[in-house]
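**Student:**
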Amino acid sequence: MIRLGVIGTNWITERFLEAAKHVEGLSLTAVYSRTEEKAKEFANKYEVHTTFTNLEAMASSDEIDAVYIASPNSHHCRQAVLFLQNKKHVLCEKPMASNSAEVREMIEAAKQNDVLLMEAMKSTIMPNFESIKGNLDKIGKIRRFSGSFCQYSSRYDSYKQGTVLNAFNPEFSSGSLMDLGIYVLYPLVVLFGKPNKVQASGTMLESGVDGQGTILLSYDEMEAVVMFSKITESNLPSEIQGEHGSIIIQKISGPQAVDIQYRDGTTENISVKQHMPTMYYEAKEFVDLIQQGKMESNINSYSNSLLTMEIMDEARRQIGVVFPSDRG
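For what it's worth, the UniProt record's numbering labels the leading residue of the sequence shown as 1, then goes sequentially.
1. Output the boundary residues of the alpha helix (DSSP H) element that contains asparagine 54.
2. Quick one: what's methionine 204 bridged to in DSSP?
3. Starting from threonine 29, trace the alpha helix (DSSP H) in both directions and tell me its first and last residue.
4. Could you tell me which of Met279, Thr266, Leu17 and Ile231 sits nearest to isoleucine 247, measuring between CA atoms?
5. Can you give the Cα-Cα distance for asparagine 169 and glycine 208, rounded to whole angstroms?
6. Classify serine 305 as helix, strand or coil using the three-state DSSP reduction.
7. Can you tell me whether DSSP reads lysine 40 as helix, strand or coil?
8. Tell me which same chain residues have a C-beta within less than 7 Å of the C-beta of valine 48, skipping the five on either side of it?
9. Grab me the residues of glycine 320's own chain with a C-beta within less than 7 Å of its C-beta, minus the 5 sequence neighbours each way, in chain order.
10. What's the C-alpha gap between arginine 78 and isoleucine 132?
11. When you compare only the Cα positions, how much space is there between alanine 66 and glutamine 85?
12. Can you confirm whether the region 157-165 touches the region 235-250 when touching is taken to mean that 3 or more C-beta pairs between the two stretches lie within less than 8 Å?
13. For valine 81, which three-state DSSP category applies?
14. Taking the alpha carbon of arginine 263 as the reference point, which residue from Pro72, Ser71, Val115 and Gly140 has its own alpha carbon closest?
15. Going by DSSP, what residue range makes up the alpha helix (DSSP H) through glutamate 14?
16. Can you name the residues that DSSP bridges to phenylalanine 228?
17. Ends of the alpha helix (DSSP H) at glutamine 112?
18. Count the CB pairs spanning the region 208-219 and the region 102-109 that are closer than 8 Å, and state whether there are at least three.
19. For arginine 155, report the span of its beta strand (DSSP E) as first-last.
20. Distance check for glycine 202 and leucine 216, CA to CA, integer angstroms please.
21. Short of 6 Å in beta carbon distance, which residues of its chain neighbour glutamate 282, apart from the five on each side in sequence? Order them along the chain.
22. How many Å lie between asparagine 269 and isoleucine 260 at the Cα?
23. Could you check if aspartate 62 is buried or exposed, using at least 16 other CB atoms within 10 Å of its CB as the buried criterion?
24. Rounding to the nearest angstrom, what Cα-Cα distance links glutamine 291 and valine 322 in this structure?
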């Protein structure tokens, strides 16, 4: 049994645990929060008796084998490296860190201590993404990838009223690219690898983060456009265009329905039934890798996580988004 600790007592942790309870071989045994009251309140929901308010004590504890990190983006690197150095396996929420320098530091710590480090990007491990990969050849030579994730943030209303919450605060390495754009960029990287050129533009907010943005990526024989926003809403699907047809992806952040629309007008449904919550698949991948003694996912690999972050670094440079973490 893999004994899991969690850092973060927010809604994403609750959603992860709700999915992870279906994974055999995983048991929640410890909860961290900055305050004892909140740690115990959260732990009681899951009948967990061990809580921590000190990360060093948690990392060195023999109560856990692995940790799920769901703290603000700016904390990911420091927290992950601490646990990796204490030989604890780490599943770290996306984005894995604030920038590529931090990702490299995390990867090095994982390698030095022979433990697993994996970015918790759920979409690329879901069955429908496997279906996309398995059916790419049906649409012929790929010419364009068009991805969109625009979701109006409930916290934007507070922002407009003068309250800057974490989601729009550069101190926490936030913004639309980091929080939403990664959901489109990561699948692009997994499918098509490193682009030759990155061109980015965005709408900067006074707080110092991007409210929305667009990235154009050039490859040898195809191009990609990635759109993301926390200040508007869009229901546009994402699309992979080939010379024989297009793969249409509904909700790329957690693909639920996937179809091929061929040039002759016919449509093929290539969706796979997904009976489990969307975050189940990343939790199962994490557990399977540990049980198999593997230190890296073949899908959410070190190279895919690093390349995605390098693209985001360049996009932020062009848009003008700078985080305190970038200054070291």
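The C-beta atom is built at its ideal place from N, Cα and C for all residues, glycine as well.
**Tutor:** Considering the structure as presented:
1. It is not in any alpha helix (DSSP H) - asparagine 54 carries neither H nor E in the DSSP assignment.
2. Asp210
3. First-last for threonine 29: 26-32, but that is the beta strand (DSSP E), not the alpha helix (DSSP H).
4. Thr266
5. 7 Å
6. helix
7. helix
8. Leu28, Thr29, Ala30 and Val31
9. Met204
10. 35 Å
11. 12 Å
12. no
13. helix
14. Gly140
15. 11-20
16. Phe149 and Gly213
17. 100-113
18. no
19. Per DSSP, arginine 155 belongs to no beta strand (DSSP E); it is in the alpha helix (DSSP H), 154-160.
20. 12 Å
21. Ala120, Lys122 and Ile125
22. 6 Å
23. exposed
24. 39 Å
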